[in-house]
Amino acid sequence: MTHFTQVSTALIVALGMVFMSKVVMTLVADIALFASLKSLMGLMVRGSYATGRTFGIFYWRYLHGPLRIFLIQLMVLMVTLVILAFDAWRHTWEHRLKVSAPAVARLTPAH
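According to my numbering, the sequence shown is numbered sequentially starting from 306.
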């Protein structure tokens, strides 16, 4: 007759082996996933570096001057529009009594 500790030890070892096999299978899958992610990241970095370098050369050669002038003119236009909007607000505020809405009595027809 087998002793209780021997049975329980065998059961614990068997369950531990099942658990360890699941852990090992998970680790193998994770290592394979990590390797594929590592190669994918390498391809992305190499590809993005080449693309960025090509775009940078194109930008500095053909776009930097015109884009800089365009952005400066856009900022001048925005400042001018803000000044005009402020002047319109100030004019409206100073003449707010002249700009008030007409009375409702004048809009209703006479009976």
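Glycine residues also receive a C-beta, built at the ideal position from the N, C-alpha and C atoms.
From residue i to residue j, what does the alpha carbon distance come to, in whole angstroms?
i	j	result
Ala340	Met349	14 Å
Val381	Ala355	36 Å
Tyr364	Ser353	16 Å
His369	Ile377	12 Å
Val312	Ile336	35 Å
Phe375	Val384	14 Å
Over the uninterrupted alpha helix (DSSP H) stretch that includes residue i, give me the two end residues.
i	result
Trp394	His369 to Glu399
Using a C-beta cutoff of 8 Å, does residue i count as contacting chain B?
i	result
Leu382	Protein chain content of the structure displayed is limited to a single chain, and chain B is not contained in it.
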